[in-house]
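Residue numbers (the working numbering): 72 to 328.
Ideal placement from N, C-alpha and C gives every residue a C-beta, glycine not left out.
Below is one structure, written out as structure tokens; comments come after it.
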Amino acid sequence: MDKRLETAIAAARAAGEVALRYFRTALAVESKADQSPVTIADRECERRIIEVLSAEFPDYGVVGEEFGVRPGAGARWIVDPIDGTKSFIRGIPYFASLIGLEEEGEITLGVIYAPAIDELLYAQKGQGAYDRNGRLRVSERAPLQQSMVVFGGLNALRRTGYWPALERIVDASARQRGYGDYFGHTFVARGQAEAMIEVDLKPWDIAALKIIVEEAGGRFTDFAGVPTIYSGTALATNARVHDEILAILRRQAGPQP
72 MDKRLETAIA AARAAGEVAL RYFRTALAVE SKADQSPVTI ADRECERRII EVLSAEFPDY
132 GVVGEEFGVR PGAGARWIVD PIDGTKSFIR GIPYFASLIG LEEEGEITLG VIYAPAIDEL
192 LYAQKGQGAY DRNGRLRVSE RAPLQQSMVV FGGLNALRRT GYWPALERIV DASARQRGYG
252 DYFGHTFVAR GQAEAMIEVD LKPWDIAALK IIVEEAGGRF TDFAGVPTIY SGTALATNAR
312 VHDEILAILR RQAGPQP
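As structure tokens, this is what we get:
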């Protein structure tokens, strides 16, 4: 296994140990400037991740949700210490540490570790995506009429102007479910759903997810069809229904978050 991937997995697991010490305990919850919640667990997990990554790759930069940007030379890690903080606070076990590696503007490595359910997914460019059961593959199901679509926060979709498009996608698809944060994207990577639609995103929310979906054979873009983590929207699919969903989203032409 590549040293960078090995280190990212070790960092995510180390953060998981920290998170579990706080999980389902009485935590003080603060609100950040954007009103999203943060706890001591988020900060301690990010510190632990940076500690492990920096021990092996001291020259790499870091972009973290809680502590911002630490400049470096060349590559940089993009870190979400607890993706799903709201679930974490409520004692719901579907939260994870996400670590992506960006090189020359491209995400080349991604790790998801969900400690409460001991679930690990990872990918590296050109090497495939994996979990404990082996290589991940997206589904071959199409068209949208036969597909399952997963959504993130519905209020965010409404607030950003995409509700009419969402209604059309619901009408056009076979099944719809809400699985927010990292969780819905893993459904796509494992072939359990054909699409995941999400808005109001930061780079650390999706850096690791993008490469995992892509290496499983899927496609990951924003709502304009651009393969970026920086526009605030994300459409992850099995590739076969991607253009069909994009066409609906583009007709909506809703404002970006």
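Note on geometry: alpha-carbon atoms of ARG118 and ARG248 lie some 34 angstroms from one another. Take PHE138, set aside five residues on each side of it, and the residues of its chain with a beta-carbon closer than 7 angstroms to its own are GLU117, in chain order.
Between VAL182 and ALA307, the gap from beta carbon to beta carbon reaches 7 angstroms or more.
Closest in C-alpha terms to ALA245, from the list VAL220, ILE282, ALA278, comes VAL220. Nearest C-alpha to GLU238 among LEU320, ALA126, ASP151: LEU320.
Exposed is the label assigned to TYR301, since fewer than 16 other Cβ atoms lie within 10 Å of its Cβ.
Contact check for PHE166 against ILE149 fails: the beta carbons are separated by 7 angstroms or more.
According to DSSP, TYR233 shares a beta bridge with no other residue. The DSSP-derived three-state label of PRO152 is strand. Three or more beta-carbon pairs drawn from the segment 192-200 and the segment 285-299 are found closer than 8 angstroms, and the two stretches are therefore classed as touching. According to DSSP, MET219 shares a beta bridge with ARG246. ALA85 sits close to VAL123, with the two beta carbons spaced by under 7 angstroms.
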